[in-house]
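Let me begin by presenting the structure, written as structure tokens, before commenting on it.
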Amino acid sequence: MHDIKWIRDNASAFDAALKRRGLEPLSDKLVALDDARKACLTQLQDAQGRRNAASKEIGKAKGAKDDALAAKLMAEVAALKETLASGEARERELDAEIKAALEVIPNLPRDDVPFGTDETGNVEVRKIGTPGTFDFTPKQHFELGEQLGMMDFEAAQKISGARFVVLKGALARLERALGSFMLDVHTGKATDTAGGYVEHNPPLLVKDHSAYGTGNLPKFSEDLFKTAGPSSELDKVLERAQQSILSLGEAIVGSDPEYGIKQIELTKKYRQEEIERIEKNALYLIPTAEVSLTNIVRESILDESQLPMRMTAWTPCFRSEAGAAGRDTRGMIRQHQFSKVELVSVTTPETSLAEHERMTGCAEEILKRLGLPFRTMLLCTGDMGFASQKTYDIEVWLPGQNAYREISSCSVCGDFQARRMDARYRPKDGGKPVHVHTLNGSGLAVGRTLVAVLENYQQADGSVIIPEVLRPYMGGMERISKA
21 MHDIKWIRDN
31 ASAFDAALKR
41 RGLEPLSDKL
51 VALDDARKAC
61 LTQLQDAQGR
71 RNAASKEIGK
81 AKGAKDDALA
91 AKLMAEVAAL
101 KETLASGEAR
111 ERELDAEIKA
121 ALEVIPNLPR
131 DDVPFGTDET
141 GNVEVRKIGT
151 PGTFDFTPKQ
161 HFELGEQLGM
171 MDFEAAQKIS
181 GARFVVLKGA
191 LARLERALGS
201 FMLDVHTGKA
211 TDTAGGYVEH
221 NPPLLVKDHS
231 AYGTGNLPKF
241 SEDLFKTAGP
251 SSELDKVLER
261 AQQSILSLGE
271 AIVGSDPEYG
281 IKQIELTKKY
291 RQEEIERIEK
301 NALYLIPTAE
311 VSLTNIVRES
321 ILDESQLPMR
331 MTAWTPCFRS
341 EAGAAGRDTR
351 GMIRQHQFSK
361 VELVSVTTPE
371 TSLAEHERMT
381 GCAEEILKRL
391 GLPFRTMLLC
401 TGDMGFASQK
411 TYDIEVWLPG
421 QNAYREISSC
431 SVCGDFQARR
441 MDARYRPKDG
451 GKPVHVHTLN
461 GSGLAVGRTL
471 VAVLENYQQA
481 DGSVIIPEVL
491 RPYMGGMERI
501 SKA
């Protein structure tokens, strides 16, 4: 969320940053709304001041036995009461308009982020490892998994539909091994490139204000899976409403049809209110543990001594992939349900950029230890996420696709999310609380890492060598072969 005061004071810089995002200037519209809100507040203050003064004058007029003046003043106070009521309603409308306008504007890119309209504008920062050579045509992960008899898309289709998979046997254990390995690295003793994160086991279902806090709502609601509470509760509401309507049927055709129709309308209204109540209490399945972890500090004032706060979690993630029709329809690259080890940091403004570099290094460390070739890309303005100021994507080499594919995205968000969550810290040298800076990154997407291991370590006979660092997690197993 952007600060309207900052926009007012830095209108040109704000519009220039939006232009780099591919958006039209918005400062004039936003400042005009804020001007209208301020004018409304001034009118309310004037009206309230006059009302208070008139109320005192009424007492004096009555004391002086001036009934005509007292009556005039009482009429004025009554009119001012209506003016205040309508003015307060208008102020709420303007507040809502400003909020609605601000909450869908993306974060502003940092000056060192390259300009671009899509992924073709991304810039390679570094490349680690050399893609291996094969004396056979490497297969894609789903071909390997199905041939091993351990990756079942058909069963998942029957259970849940497209973009799901059932992993079996050694592949199911390999996914578990990868998640445990990542957590062990990230929660180990802190160094410049690894460790220092505190493991969490956060909720997978969150309230709408939590998804709002990280920027997933309202703009990206179609990408989230939403629960509407127990279906039995909604069924009961609808059943009660239907019974009420049927019971009023006799009144409609009988002696008092006007009463019957009125009751039906009231019943329909009650039904709609109940449905809206249930909807309001709906929960969202997390698209990433970033939502749960980042919101741990919502509506808090931390001490600076608590920062940086580093958190990690290995959770299932759920995404509707609404904008991914026709993309990666085969395999595990783009699914509705997948697991991921997430990294979240909460820092001071002065340390957030250094923390961003460190977080990216922590994600890269996993790939280095697994011996997987990768490259790190600095995303351009047109390919960055909504809440990000600057993002590095880490792309792992997939020989089956003969391409690098994203496996991690590490972003620094500045105070953008903190403003939406009201998350602040108290500086150690005193002064007013300041909004924290938040960062998030994948460390890594576990399913995609499994894909990378399968494709990079595949053998001519269809078996897969297990990277040495994972063998302790696999009970000493060195190779996955068809049973």
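Numbering (our numbering), first residue to last: 21 to 503. Every residue gets a Cβ at the ideal spot worked out from N, C-alpha and C, and that includes glycine.
Beta bridge counterpart(s) of R446 as assigned by DSSP: To locate residue 446, count along the sequence shown from 1; it is residue 426. According to DSSP, R446 bridges with D323.
Among the candidates S106, L490, T314 and Q421, whose CA atom is the shortest distance from the CA of A438? Residue 438 sits at position 418 when you count from the first residue of the sequence shown. Nearest C-alpha to A438: T314.
Could you spell out the range, first to last residue, of the alpha helix (DSSP H) harbouring H161? Along the sequence shown, read from residue 1 onward, the residue named residue 161 stands at position 141. Where H161 is concerned, the enclosing alpha helix (DSSP H) starts and stops at H161 to L168.
Compare the C-alpha of E370 against each of L387, L327 and W334 and name the closest. One-based indexing of the sequence shown puts residue 370 at position 350. Considering only alpha carbons, the answer is L327.
Pairwise C-alpha distance: E144 and D228: Here residue 228 refers to the residue found at position 208 of the sequence shown. Here residue 144 refers to the residue found at position 124 of the sequence shown. When only Cα atoms are considered, D228 and E144 end up about 36 Å apart.
Are the CB atoms of G141 and D442 within a distance shorter than 9 Å? Along the sequence shown, one-based indexing puts residue 442 at 422. Along the sequence shown, one-based indexing puts residue 141 at 121. No; because the gap between Cβ atoms is not below 9 Å, this pair is not in contact.
For M329, list the residues DSSP reports as bridge partners. Within the sequence shown, numbered from 1, the residue matching residue 329 stands at position 309. In the DSSP assignment, M329 is bridged to V366.
For N30, name the three-state secondary structure that DSSP assigns. Residue mapping note: residue 30 aligns to position 10 of the sequence shown, counting from 1. In the three-state reduction of the DSSP assignment, N30 falls in the coil class, being assigned neither a helical nor a strand state.
Residues near E111 in its chain [Cβ-Cβ closer than 7 Å; skip 5 each side]: The residue you call residue 111 lines up with position 91 of the sequence shown. The residues are R57, C60, L61 and L64.
Residues of its chain near G420, where Cβ-Cβ distance is below 7 Å and the 5 sequence neighbours each way are ignored: Residue 420 sits at position 400 when you count from the first residue of the sequence shown. Counting only residues of its own chain and dropping the five nearest sequence neighbours on each side, G420 has a CB closer than 7 Å to the CB of P158, K159, Q160, H161 and E475.
Can you tell me whether K360 is buried or exposed? The criterion is at least 16 other CB atoms within 10 Å of its CB, across all chains shown. Your numbering for residue 360 matches position 340 in the sequence shown. K360 counts as buried, since no fewer than 16 other beta carbons sit within 10 angstroms of its beta carbon.
Is it a yes or a no for the region 193-211 touching the region 292-312, going by three-plus beta-carbon pairs under 8 Å? Two segments are said to touch when three or more pairs of C-beta atoms, one from each, lie closer than 8 Å; by this definition the region 193-211 does not touch the region 292-312.
Classify N127 as buried or exposed, calling it buried when 16 or more other Cβ atoms lie within 10 Å of its own Cβ. Within the sequence shown, numbered from 1, the residue matching residue 127 stands at position 107. Label assigned to N127: buried.
Give the straight-line distance between the Cα atoms of W26 and C400, rounded to the nearest whole angstrom. As a position in the sequence shown, residue 26 is number 6, starting the count at 1. As a position in the sequence shown, residue 400 is number 380, starting the count at 1. Whole-angstrom Cα-Cα distance: 24 Å.
Among Q409, I148 and L43, the one whose alpha carbon lies nearest that of L390: Sequence index remark: in the sequence shown, residue 390 carries index 370 (1-based). Between L390 and the set Q409, I148 and L43, the nearest pair of CA atoms involves I148.
Which parts of the region 406-474 are runs of the alpha helix (DSSP H), unbroken and 4 residues or longer, counting only runs that do not cross its ends? Fully enclosed alpha helix (DSSP H) runs of 4 or longer: 436-441.
Would you call the CB atoms of S428 and G467 closer than 9 Å? Position 408 of the sequence shown, counted from the start, is the residue given in the question as residue 428. Position 447 of the sequence shown, counted from the start, is the residue given in the question as residue 467. Cβ distance not < 9 Å, so S428 and G467 don't count as in contact.
K246 - DSSP class collapsed to helix/strand/coil: On the sequence shown, residue 246 is found 226 positions in, with the first residue counted as 1. Three-state result, K246: strand.
For K388 and G208, I'd like the C-alpha separation in whole angstroms. Indexing the sequence shown from 1 puts residue 388 at position 368. Indexing the sequence shown from 1 puts residue 208 at position 188. Their backbone Cα atoms lie some 16 Å apart in a straight line.
Which class does E341 belong to by DSSP, given the choice of helix, strand or coil? Position 321 of the sequence shown, counting from 1, holds the residue named residue 341. It is coil, neither helix nor strand.
Can you round the beta-carbon distance between P151 and W334 to whole angstroms, since I take them to be within the 8 Å contact cut? Start at 1 with the first residue of the sequence shown, and residue 151 comes out as number 131. Start at 1 with the first residue of the sequence shown, and residue 334 comes out as number 314. Actually they are not in contact, since the Cβ atoms of P151 and W334 sit about 28 Å apart, beyond 8 Å.
With respect to the alpha helix (DSSP H) encompassing I386, which residues constitute its N-terminal and C-terminal limits? Within the sequence shown, residue 386 is the residue found at index 366, counting from 1. S372 to L390 is the span of the alpha helix (DSSP H), which, as asked, contains I386.
Under the three-state reduction of DSSP, which class applies to T335: helix, strand or coil? For the purposes of this step, residue 335 is taken as residue 315 along the sequence shown, with counting starting at 1. Three-state result, T335: strand.
Using the beta-carbon count (16 or more within 10 Å), is L355 buried or exposed? Here the question's residue 355 lines up with position 335 in the sequence shown. The residue asked about is misnamed: residue 355 is Gln in this sequence, not Leu. Q355 is buried by the Cβ-count criterion.
Relative to the C-alpha of R71, which candidate in A52, E96 and D243 has its C-alpha closest? Here residue 71 corresponds to residue number 51 of the sequence shown, with the count starting at 1. Just measuring C-alpha positions, the residue of A52, E96 and D243 sitting nearest R71 is E96.
Rounded to the nearest angstrom, what separates L187 and A176 at their Cα positions? Looking up residue 187 in the sequence shown gives position 167. Looking up residue 176 in the sequence shown gives position 156. Cα to Cα, the separation comes out at about 9 Å.
Start and end residues, alpha helix (DSSP H) containing V205: In the sequence shown, residue 205 corresponds to position 185, counting from 1. It spans G189 to H206 - the alpha helix (DSSP H) in which V205 sits, taken as one unbroken run.
Close beta carbons around A90, own chain, < 8 Å, minus the five adjacent residues each side: As a working note, residue 90 is residue 70 in the sequence shown. So the list reads I78, A81 and K82, once near-sequence residues are dropped.
Using DSSP's beta-bridge definition, name the partner residues of Q357. For the purposes of this step, residue 357 is identified with residue 337 of the sequence shown, where counting begins at 1. According to DSSP, Q357 bridges with F338.
Would you identify the three-state DSSP class for E123, choosing helix, strand or coil? If you number the sequence shown from 1, residue 123 lands on position 103. E123 carries a coil assignment under DSSP once its states are collapsed to helix, strand and coil.
Smallest Cα separation from P307: which of L244, S320 and T349? For the purposes of this step, residue 307 is taken as residue 287 along the sequence shown, with counting starting at 1. Cα-wise, what sits closest to P307 is L244.
Using 10 angstroms around the beta-carbon of E415, count the other beta-carbons present and answer buried if the total reaches 16, otherwise exposed. As a working mapping, residue 415 is identified with position 395 in the sequence shown. With 16 or more Cβ atoms within 10 Å of its Cβ, E415 is classed as buried.
What is the rounded straight-line gap between the Cα of R425 and the Cα of D413? To locate residue 425, count along the sequence shown from 1; it is residue 405. To locate residue 413, count along the sequence shown from 1; it is residue 393. Going from the Cα of R425 to the Cα of D413 covers about 9 Å.
A99 burial status per 10 Å Cβ neighbour count (16 or more: buried): Residue mapping note: residue 99 aligns to position 79 of the sequence shown, counting from 1. Sixteen is the threshold: since fewer than 16 other Cβ atoms of the shown chains lie within 10 Å of the Cβ of A99, the residue is exposed.
Assuming D54 and R28 are in contact, meaning their beta carbons sit under 8 Å apart, how far apart are those beta carbons, in whole angstroms? Locating residue 54 in the sequence shown gives position 34, counting from the first residue. Locating residue 28 in the sequence shown gives position 8, counting from the first residue. The beta-carbon separation of D54 and R28, rounded to 7 Å, stays under the 8 Å limit for a contact.
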